[in-house]
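Asks: One structure follows; several queries about it will come next.
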Ligand SMILES: Cc1ncc(C[n+]2csc(CCOP(=O)(O)OP(=O)(O)O)c2C)c(N)n1
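Residue numbers (the numbering used here), protein chains in the order written: chain B, 187 to 567; chain G, 45 to 371.
What follows is the structure in structure tokens.
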């Protein structure tokens, strides 16, 4: 069973109906442009996600992990980061990547299988996607310890680190060790958990008996639950936790209470474990619709604005699709690249053998790849 | 005889194990309601209940560590690790605890734990979903390691592994899950092929191919292609990696004089290294050529678009056969 939506007990600044509410601890003052900016982000990342899902269905991606339903958690937290902050994502943080200025095509490279997610984490202060559940929480903590050693905490210009994780991940040893470390060293790291109610098929109560945010207390740092479908609230709560961290107040845990509207990944079949009524309940809490209602209600945006954003989304989706189809397969020999910083002689010898072997298949003058040029008759994989 | 896929055969074998002994448990991530990501445990929770087929929290060290405790309490846990690359969080519990407790206790504590791991590549997956970590476990005394290559073996071997009083790491070739074969569900267990024995799956006289799991089919196809070239290859399915049963391999090499070992895992210190060394010791005077290995490269498993280049295939096997005959 998943926990039902808590009516109170989480930070909310925008009701599902789009009414602005106030919270004494976590309020934000936003300009009209900022409100509209959030809306734009939400729509664009949802659109990229939908395009990627379609590309997977058409066989262009091996797999896709959709963020549908989790846009507010990702955009709110992502926009709360300052340029100097470092983010450690899972494999689902396409919205956070967007906020960091990472090209949406980047994630597609990994899911298409043209590389393993290659990137320089320092280019956008966004680490590579982590597939092993929980591993990145320790990396984030260590990075935060480095920030601390560098004397980059203690004031408003300081750096903070954010680690993304799922509700399932909270069971992993690595995650619990990260909590222990972060607390013991007062590392400037914020653990941002998107509780989307399921690991793959396992509901949150298979990982915990207490609401996740309350676990933080046992490790000795604050935990807060926020309405994960409310982009203003996730923004406010994350900004505050990051600021505390950068001022030297140590780690924090944020539980963004949200819902995965789609499958776990494109290879999952959620009908086996999920009830339709649940989906309906969450559809009414949609992060985009509630901000749209707010913008309309406050007369911050009209049909022209929404049309403009939709057109921009169409354009972006088309660019992503085209870019995906144009991603070239890597050259076979790149298998041997970058295994070591200083290449070893035995591996270079393997590369040579591979090169010599592959060239036999090209000798026929046909430049197509080996698998389509069987060396012998009847030869097939 | 019924024709079924490897996934279905394993499912039938697990069902039978649950039926036979009420102390048998299945535990792992998503094994219950979902039936496992490959549906190998499909329907078992429905029929045996949540106390026998357990959806665990998402924690591999936890899965194996608690299985050890359950085994000490008289249960026979069958653990599923969802994918090869996720066994490492459990690695400490497996190699430092599971493998050693029988030894430390002077045989007083038995740990009949089975760890099922879908392994190997060829399905176009993302990182950590295509690895072949068998050598790590074979290197650890106290564990037994086996791998099936076809539905018939899948059905019997999983039951034999469950019946074993030793911990067994059970590797399932994930890219063969959907391939069909004949399974005899009625044959009595006494007639089953013994768990820790290799098997000649295609007799031949000119050279020997030995491999296991996903590579068995590749070897059989290679042997067929070689037959067209007039070469008669013998194919041996190793089935058991620890203990290693090389008697059929020795016998074969003494007749054929040539051996090629095939596996997906990187070559360095892989199964092929051990086999080459032992065959050289035993069959030195029968060998017409050095033992050759066709393996993955000594690199991380590459991105999906390059896995066909990485994985041993028919062409690479036949190339090795050519080289063997070139000596
Ligand atoms: C160590 C490890 N074990 C198993 C898996 C397979 N797996 C991938 S995602 C997933 C569920 C993750 O759930 P959660 O942490 O809640 O994140 P979500 O996908 O819901 O965002 C599992 C079991 C994995 N990637 N890593």
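Positions of the beta carbon are idealized from the N, C-alpha and C atoms, including for glycine.
May I ask you to list the residues that DSSP assigns as paired with residue 315 of chain G?
Replies: Walking along the second chain from the start, residue 315 of chain G turns up at place 271. According to DSSP, residue 315 of chain G bridges with nothing at all.
Asks: Counting contacts by CB-CB distance shorter than 8 Å, is residue 171 of chain G in contact with chain B?
Replies: For the purposes of this step, residue 171 of chain G is identified with residue 127 of the second chain, where counting begins at 1. It does; some Cβ of chain B falls within 8 Å.
Asks: What does residue 381 of chain B pair with, by DSSP beta-bridge criteria?
Replies: Position 195 of the first chain, counted from the first residue, corresponds to residue 381 of chain B. For residue 381 of chain B, which the question treats as bridged, DSSP gives the partners B:443.
Asks: Just the C-alpha distance for residue 208 of chain B and residue 351 of chain B, rounded to the nearest angstrom, thanks.
Replies: Looking up residue 208 of chain B in the first chain gives position 22. Looking up residue 351 of chain B in the first chain gives position 165. Rounded to the nearest angstrom, the two C-alpha atoms are 28 Å apart.
Asks: Suppose only complete runs of 3+ residues qualify. What are the beta strand (DSSP E) ranges in the stretch 485-550 of chain B, listed by chain order?
Replies: None, since the stretch 485-550 of chain B contains no complete beta strand (DSSP E) of that length.
Asks: Less than 7 Å separating the Cβ of residue 450 of chain B from some heavy atom of ligand 1?
Replies: Position 264 of the first chain, counted from the start, is the residue given in the question as residue 450 of chain B. Answer for residue 450 of chain B: yes, Cβ within range of ligand 1.
Asks: Are the beta-carbon atoms of residue 355 of chain B and residue 102 of chain G separated by less than 8 Å?
Replies: The residue given as residue 355 of chain B occupies position 169 in the first chain. The residue given as residue 102 of chain G occupies position 58 in the second chain. In this structure, residue 102 of chain G lies closer than 8 Å to residue 355 of chain B by Cβ.
Asks: Return yes when the Cβ of residue 221 of chain G is within less than 8 Å of the Cβ of residue 50 of chain G, no when it is not.
Replies: Here residue 50 of chain G corresponds to residue number 6 of the second chain, with the count starting at 1. Here residue 221 of chain G corresponds to residue number 177 of the second chain, with the count starting at 1. Yes, they are a contact pair.
Asks: Looking at chain G, is there any beta carbon in it that lies within less than 8 Å of the beta carbon of residue 421 of chain B?
Replies: Locating residue 421 of chain B in the first chain gives position 235, where the first residue counts as 1. Cβ-Cβ to chain G under 8 Å: no for residue 421 of chain B.
Asks: What residues match up with residue 281 of chain G in a beta bridge as DSSP calls it?
Replies: Here residue 281 of chain G refers to the residue found at position 237 of the second chain. Its beta-bridge partners are G:243 and G:255.
Asks: For residue 366 of chain G, which residues of its own chain have a beta-carbon under 6 Å away from its beta-carbon, when the five flanking residues on both sides are left out?
Replies: As a working mapping, residue 366 of chain G is identified with position 322 in the second chain. Counting only Cβ-Cβ distances below 6 Å, and skipping sequence neighbours, we find nothing.
Asks: For ligand 1, is there any heavy atom lying closer than 7 Å to the beta carbon of residue 133 of chain G?
Replies: Stepping through the second chain from its first residue, residue 133 of chain G is reached at position 89. Result yes, Cβ under 7 Å from ligand 1.
Asks: Taking the alpha carbon of residue 446 of chain B as the reference point, which residue from B:417, B:463, B:380 and B:416 has its own alpha carbon closest?
Replies: On the first chain, position 260 is the one that residue 446 of chain B refers to. It is B:380.
Asks: Return the chain-ordered ranges of every beta strand (DSSP E) run that is complete within the stretch 307-370 of chain G and spans a minimum of 3 residues.
Replies: Here the runs fully enclosed are 336-340.
Asks: Take residue 351 of chain G and list the residues in its own chain whose beta-carbon comes closer than 8 Å to its own, dropping the five residues that flank it on each side.
Replies: Walking along the second chain from the start, residue 351 of chain G turns up at place 307. Only 165, 166, 168, 174 and 345 meet the Cβ criterion.
Asks: Mind checking which residues open and close the beta strand (DSSP E) that includes residue 195 of chain G?
Replies: For the purposes of this step, residue 195 of chain G is identified with residue 151 of the second chain, where counting begins at 1. Per DSSP, residue 195 of chain G belongs to no beta strand (DSSP E); it is in the alpha helix (DSSP H), 195-207.
Asks: If you follow the beta strand (DSSP E) that residue 360 of chain B is in, where does it begin and where does it stop?
Replies: Within the first chain, the letter at position 174 stands for residue 360 of chain B. Unbroken run through residue 360 of chain B is the alpha helix (DSSP H), 359-371; no beta strand (DSSP E).
Asks: Using a threshold of 8 Å, state whether the C-beta atoms of residue 285 of chain G and residue 191 of chain G are closer than that.
Replies: As a first step, residue 285 of chain G is located in the second chain; it is residue number 241 there, counting from the start. As a first step, residue 191 of chain G is located in the second chain; it is residue number 147 there, counting from the start. Cβ atoms of residue 285 of chain G and residue 191 of chain G: closer than 8 Å.
Asks: I want to see whether chain G comes within less than 8 Å of residue 548 of chain B, judged by CB atoms only; does it?
Replies: Looking up residue 548 of chain B in the first chain gives position 362. Chain G, which has no Cβ nearer than 8 Å to the Cβ of residue 548 of chain B, makes this no.
Asks: Which runs of the beta strand (DSSP E) spanning at least 3 residues fall entirely within the stretch 225-302 of chain B, listed in chain order?
Replies: Taking only runs of at least 3 residues, the beta strand (DSSP E) segments lying wholly in the stretch 225-302 of chain B are 272-274.
Asks: With a 10 Å radius around its C-beta and 16 neighbouring C-beta atoms as the bar for buried, classify residue 556 of chain B as buried or exposed.
Replies: Counted from its first residue, the first chain places residue 556 of chain B at position 370. Low confidence applies here, because residue 556 of chain B scores a pLDDT of 47, under 50, leaving its location unreliable and the question unanswered by this model.
Asks: Could you work out which residues of chain B lie near residue 133 of chain G, taking near to mean beta carbons separated by less than 9 Å?
Replies: By one-based count along the second chain, residue 133 of chain G stands at place 89. Chain B residues near residue 133 of chain G: 318, 319, 320, 321, 358, 359 and 360.
Asks: Checking the sheet assignment: what are the DSSP bridge partners for residue 224 of chain G?
Replies: In the second chain, the residue the question calls residue 224 of chain G occupies position 180. Paired residues: G:49.
Asks: Taking the runs of the beta strand (DSSP E) that are 3 residues or longer, which of them lie wholly in the stretch 417-463 of chain B?
Replies: Runs of the beta strand (DSSP E) inside the stretch 417-463 of chain B: 438-443.
Asks: Assign residue 321 of chain G to one of two classes, buried (16 or more other C-beta atoms within 10 Å of its C-beta) or exposed (fewer than that).
Replies: As a position in the second chain, residue 321 of chain G is number 277, starting the count at 1. Residue 321 of chain G should be labelled exposed.
Asks: Taking one C-beta from the stretch 57-72 of chain G and one from the stretch 196-215 of chain G each time, how about it: are there three or more such pairs within less than 8 Å?
Replies: Yes, since at least three Cβ pairs between the stretch 57-72 of chain G and the stretch 196-215 of chain G fall closer than 8 Å, the two stretches touch.
Asks: Measuring straight from C-alpha to C-alpha, what distance separates residue 360 of chain G and residue 349 of chain G?
Replies: For this step, residue 360 of chain G is matched to residue 316 along the second chain. For this step, residue 349 of chain G is matched to residue 305 along the second chain. Their backbone Cα atoms lie some 18 Å apart in a straight line.
Asks: Is residue 68 of chain G helix, strand or coil when you go by DSSP?
Replies: Against the second chain, residue 68 of chain G aligns to sequence position 24. Residue 68 of chain G: strand per DSSP, three-state reduction.
Asks: Mind checking if residue 383 of chain B is an interface residue toward chain C, Cβ cutoff 8 Å exclusive?
Replies: Among the chains of the structure shown, chain C does not appear; the protein chains present are B and G.
Asks: Go through the stretch 130-203 of chain G residue by residue and report every complete run of the alpha helix (DSSP H) that reaches 4 residues or more, in order.
Replies: Segments of the alpha helix (DSSP H) lying fully in the stretch 130-203 of chain G: 145-148 and 178-182.
Asks: At the level of alpha carbons, what is the spacing between residue 65 of chain G and residue 121 of chain G?
Replies: The residue you call residue 65 of chain G lines up with position 21 of the second chain. The residue you call residue 121 of chain G lines up with position 77 of the second chain. Whole-angstrom Cα-Cα distance: 11 Å.
Asks: Taking a Cβ distance cut-off of 8 Å, strictly less, list which residues of the stretch 504-537 of chain B are near chain G, in chain order.
Replies: Listed in sequence order: 515, 516, 518, 520, 521, 522, 525, 532, 533 and 536.
Asks: For ligand 1, is there a heavy atom less than 7 Å away from the beta-carbon of residue 104 of chain G?
Replies: In the second chain, counting from the first residue as 1, residue 104 of chain G sits at position 60. Yes.
Asks: Check this for me: beta carbons of residue 250 of chain B and residue 264 of chain B, under 8 Å apart or not?
Replies: Taking the first chain and counting its residues from 1, the one referred to as residue 250 of chain B is at position 64. Taking the first chain and counting its residues from 1, the one referred to as residue 264 of chain B is at position 78. No. Outside cutoff.
Asks: Quick one: using the 10 Å Cβ neighbour count with 16 as the cut-off for buried, is residue 196 of chain B buried or exposed?
Replies: Here residue 196 of chain B is taken as the residue at index 10 of the first chain, counted from 1. Buried, because 16 or more other Cβ atoms sit within 10 Å of the Cβ of residue 196 of chain B.
Asks: Relative to the alpha-carbon of residue 172 of chain G, which residue among G:138, G:163, G:152 and G:74 has its alpha-carbon at the smallest distance?
Replies: What you label residue 172 of chain G is simply residue 128 of the second chain in a count that begins at 1. Here the closest residue by C-alpha is G:163.
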